[in-house]
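Taking it in order: structure first as structure tokens, then the write-up.
Protein chains: 2
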Amino acid sequence: MSNNQFRKGELYSFITGKASVAIARRLQKNFKEAGVEATVEQWSILYHLWKEDGRSQQQLCDATFRDKPSVTRLVDNLEKNKLVKRVGDKKDRRINLIYLTPEGRRMEEEAMRVANQTLNEALAGVSEKNIDLAKVVLQKVYDNLQGML
Amino acid sequence: MSNNQFRKGELYSFITGKASVAIARRLQKNFKEAGVEATVEQWSILYHLWKEDGRSQQQLCDATFRDKPSVTRLVDNLEKNKLVKRVGDKKDRRINLIYLTPEGRRMEEEAMRVANQTLNEALAGVSEKNIDLAKVVLQKVYDNLQGML
DNA sequence: TTGTATTAGTTGCATAAACAACCGTATGAG
DNA sequence: CTCATACGGTTGTTTATGCAACTAATACAA
């Protein structure tokens with residue numbers, strides 16, 4: 277069955293995902309330099325709220341590929357830093373809707389500018405075509421692994 | 277300078293690296309099912325020791341893209357689980373050389389089998405050519421970000 | 001209507017990461 | 001030789017993840 281033997285080093289690189297670790301580290305550093313007071317993980321939650329405010333924690337789980345405890349605690353920290361606020365859903369009292377505070381909304385422009393700049397640094401010298409191809413491969417990997425749960 | 281505007285969702289996917297997170301989660305699950313008693317992070321250290329035993333912690337930092345405290349604590353846990361042993365270097369007393377225990381050595385075959393199988397699951401249906409291309413893109417991303425430190 | 005299953009969210013515990021500050025050892029210039 | 005500097009490793013603190021167990025609220029079937 278192992279018709280797919282990997283060349284030396286390939287296995288390790290794919291599994292450890294050093295490229296995405298490097299991007300996250302750089303984004304964190306760039307946030308700090310730009311005075312954006314949030315972690316990359318917190319940014320990933322804010323990112324989805326900027327697109328559509330007032331999502332439930334469960335929706336944020338699905339959007340960010342995290343489990344429920346992770347989102348609970350990210351929201352805890354975002355709330356502590358006064359960037360979002362939990363509001364109980366009136367129709368279904370199990371649900372927390374997460375809303376941006378004015379400070380949370382204010383952060384969007386600069387944070388997204390830094391995120392785009394960081395991705396430009398990361399992808400410098402890579403053609404559009406190859407970016408698309410890598411994207412397709414990574415999406416396929418993700419789909420392969422999701423499907424088998 | 278933002279000649280490289282990203283399509284919707286692309287920025288988020290690249291930065292959060294969901295594919296490599298998914299691979300790591302699957303590998304952890306497969307380890308568990310196969311009775312391999314180690315975390316993916318611990319495996320990443322063992323992987324390099326299986327290739328060459330008796331490396332220093334600093335060498336393991338370089339090999340695994342981790343900082344010194346991270347490796348210190350991974351080695352702490354590996355030592356606690358009796359998979360490796362710290363041995364002081366005789367020539368330079370600052371250095372710890374990390375050696376596999378018999379149990380650590382015994383784990384290699386099964387762990388590498390599971391790792392290869394996991395990568396096969398992840399890359400099912402992706403052509404050799406596209407795997408290579410994705411690899412090149414990810415390496416370029418890594419190099420871009422390393423260079424600018 | 002009652003009782004069971006499902007859903008949303010939280011808490012506890014172990015592991016890991018980043019960053020800064022620190023200690024002991026080695027090195028090399030003067 | 002001595003002292004500043006660099007190097008290898010450890011510790012403390014904060015943040016985040018995964019898993020399992022749990023609570024509260026809802027849905028739904030009998």
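Chains as they are written, first to last, in our numbering: chain A, 277 to 425; chain B, 277 to 425.
Where a beta carbon is used, it is the ideal one built from N, C-alpha and C, also for glycine.
This structure is a prediction, so every number in the text was calculated from the model and none was measured.
Quick check on residue i: does DSSP put it in helix, strand or coil?
{"i": "Val412 of chain A", "result": "helix"}
{"i": "Ile371 of chain A", "result": "coil"}
{"i": "Arg283 of chain A", "result": "With a pLDDT of 48 at Arg283 of chain A, under the threshold of 50, the modelled position of that residue is not reliable, and the figure given next carries that caveat. It is coil, neither helix nor strand."}
{"i": "Arg301 of chain A", "result": "helix"}
{"i": "Ser278 of chain A", "result": "Per-residue confidence for Ser278 of chain A stands at a pLDDT of 39, beneath the threshold of 50, marking its modelled position as unreliable; the derived number appears in the next sentence. Of the three classes helix, strand and coil, the one that applies to Ser278 of chain A here is coil, per DSSP."}
{"i": "Val312 of chain A", "result": "coil"}
{"i": "Glu386 of chain A", "result": "helix"}
{"i": "Glu317 of chain A", "result": "helix"}
{"i": "Asp419 of chain B", "result": "helix"}
{"i": "Met424 of chain B", "result": "Confidence is the limiting factor: at Met424 of chain B the pLDDT is only 48, short of 50, which leaves the residue's position unreliable, though a coordinate-based value still follows. Met424 of chain B: coil per DSSP, three-state reduction."}
Are there 16 or more other CB atoms within 10 angstroms of the CB of residue i, so buried, or fewer, so exposed?
{"i": "Gln318 of chain B", "result": "buried"}
{"i": "Ala310 of chain A", "result": "exposed"}
{"i": "Arg302 of chain A", "result": "buried"}
{"i": "Gly293 of chain B", "result": "buried"}
{"i": "Arg342 of chain A", "result": "buried"}
{"i": "Tyr369 of chain B", "result": "Going by the sequence as given, residue 369 of chain B is Arg instead of Tyr. The residue in question, Arg369 of chain B, is exposed, as its Cβ has fewer than 16 Cβ neighbours within 10 Å."}
{"i": "Arg331 of chain A", "result": "buried"}
Provide the residue span of the alpha helix (DSSP H) that contains residue i, from first to last.
{"i": "Gly380 of chain B", "result": "Pro378 to Arg382"}
{"i": "Val402 of chain A", "result": "Unbroken run through Val402 of chain A: none, as it is neither H nor E."}
{"i": "Thr340 of chain B", "result": "Gln333 to Thr340"}
{"i": "Asn353 of chain B", "result": "Lys344 to Lys356"}
Could you give the C-beta distance for residue i and residue j, rounded to a whole number, given that I count them as a contact under 8 Å?
{"i": "Leu373 of chain A", "j": "Val360 of chain A", "result": "No, Leu373 of chain A and Val360 of chain A are not in contact; Cβ-Cβ is about 10 Å, not under 8 Å."}
{"i": "Ile299 of chain B", "j": "Phe290 of chain A", "result": "7 Å"}
{"i": "Ala295 of chain A", "j": "Tyr418 of chain B", "result": "5 Å"}
{"i": "Leu350 of chain B", "j": "Ile321 of chain B", "result": "5 Å"}
{"i": "Val402 of chain A", "j": "Lys416 of chain B", "result": "6 Å"}
Considering just the uninterrupted stretch of the beta strand (DSSP E) at residue i, what are its terminal residues?
{"i": "Val360 of chain B", "result": "Val360 to Gly364"}
Below 8 Å, how does it come out for the segment 377-394 of chain B and the segment 337-347 of chain B: are there three or more Cβ pairs, yes or no?
Here the segment 377-394 of chain B makes no contact with the segment 337-347 of chain B; the two share fewer than three CB pairs at distances below 8 Å.
Pairing CB atoms from the segment 388-400 of chain B with CB atoms from the segment 383-392 of chain A, are three or more of them under 8 Å?
Contact between the segment 388-400 of chain B and the segment 383-392 of chain A is absent, because fewer than three Cβ pairs lie under 8 Å.
Do the segment 406-414 of chain A and the segment 403-419 of chain B touch if we need at least three Cβ pairs shorter than 8 Å?
The segment 406-414 of chain A vs the segment 403-419 of chain B: in contact.
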